[in-house]
DNA sequence: CTGAATCCACCGGGATACTG
DNA sequence: CAGTATCCCGGTGGATTCAG
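Chains as they are written, first to last, in our numbering: chain A, 38 to 167; chain B, 38 to 167.
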C-alpha cells in the first residue's frame, strides 16, 4: 500500500485521508452498503438505516452524490419519487470496504477483550506485577 | 460482506460501526500505516506524521493501545525511551485497510472531477437541459 | 524525551418545525 | 414523499503550559 513500505509516510500529496473522510462519517457506509442491493428511494433508506435522522440522510446522500458515489434520479410524478443508486465507482468502493468490514466482524471480540483488560489495568493501583 | 446481500441492514448487533470509528478518526490509520514498517518511538511518529499535534498523537496511541492494535514498551533509561509497535491484530488491520487505500489512490481524481462537476451544476441556474 | 492538563474554537449531528 | 431551515449540544482536536 502507498502509505507504507518506505519508512516515510507519503508526501503531502498523499490524499488517502480524503477517502477516509469520505467513508468515515457516521452514515455514508451504511448508505453505500444498503444501496449495494440495488436502487432505493429516500423513505426506504430512512426506514432501513436505523437511527439516521432525515437531515443526516439528506446530507449524506448529497455528499455521496457530489463525490460520484451514487446518482439521484427524480421521477416527475405525484407523489414525488426519487431513486438513489450506486454508480460504478460506488460499487467498487463498496467492494473496497469489504475487507475492513470483514476484519471488524472477526476482531470485535478481541477488541472488547483488549479494552476490558486495559481498563482493568488502568483503574487498579499498580503492583510489582505491572 | 455482512452489511449487504439481504436487502436488510444488519440487526442492532451489527457493530461494524465501532471498527469504522476505530479507524475513522483523523490519525489512527496514519499511525497504523507508519508502524507497518516496524516499531517507532514517540518522536519519530511525531516527526513522521505531518500535522499531528503531540496531544492528538498521545490520544491516538492510547486508543490504539487500549484496543490491542499496538503495544507500548517503556525502556527505563535516561532519557526515557518508549517504543510503539503493531500487535498481530494491528498488522491484520493494516492489511484490511489496504484495499480502501488502494481504492482511494485510484479514484481520487474521479472524485475531484465529480465534485467539480457537481458544484458547477449547483452554482449555475437551471436550464431545460437539467 | 514523553507525556499530562487545561482552555477553547469548530462543526458534526440530533430535535424540531416548515415546504413543494 | 422528500426534502429545507433553524437551533443547539457535545465531542474532536489544536495551542499552550506544566511535569517526570
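Positions of the beta carbon are idealized from the N, C-alpha and C atoms, including for glycine.
From the options, residue whose alpha carbon lies closest to that of residue i
i, options, result
"residue 150 of chain B", "A:140, A:105, A:118 and A:65", "A:105"
"residue 56 of chain A", "B:155, B:143, B:97 and B:157", "B:143"
"residue 74 of chain B", "B:100, B:132 and B:95", "B:132"
"residue 127 of chain A", "A:107, A:61, A:112 and A:115", "A:107"
"residue 101 of chain B", "B:147, B:148, B:59 and B:152", "B:59"
Backbone CA spacing between residue i and residue j [nearest angstrom]
i, j, result
"residue 110 of chain B", "residue 117 of chain B", "11 angstroms"
"residue 158 of chain A", "residue 97 of chain B", "19 angstroms"
"residue 87 of chain A", "residue 62 of chain A", "15 angstroms"
"residue 125 of chain A", "residue 145 of chain B", "14 angstroms"
"residue 94 of chain A", "residue 83 of chain A", "7 angstroms"
"residue 78 of chain B", "residue 78 of chain A", "50 angstroms"
"residue 90 of chain A", "residue 90 of chain B", "33 angstroms"
"residue 85 of chain A", "residue 85 of chain B", "42 angstroms"
"residue 156 of chain B", "residue 92 of chain A", "20 angstroms"
"residue 139 of chain A", "residue 147 of chain B", "26 angstroms"
"residue 64 of chain B", "residue 64 of chain A", "20 angstroms"
"residue 68 of chain B", "residue 68 of chain A", "28 angstroms"
Residue environment, residue i, which counts as buried when at least 16 other CB atoms sit within 10 Å
i, result
"residue 80 of chain A", "exposed"
"residue 114 of chain A", "exposed"
"residue 119 of chain B", "exposed"
"residue 154 of chain A", "exposed"
"residue 160 of chain A", "exposed"
Residue i vs residue j beta-carbon contact at 8 angstroms
i, j, result
"residue 137 of chain B", "residue 72 of chain B", "no"
"residue 129 of chain A", "residue 66 of chain A", "no"
"residue 121 of chain B", "residue 76 of chain B", "yes"
"residue 141 of chain A", "residue 53 of chain B", "yes"
"residue 99 of chain A", "residue 152 of chain B", "no"
Any beta strand (DSSP E) of 3 or more consecutive residues that is wholly inside the stretch 84-160 of chain A
107-112 and 118-123
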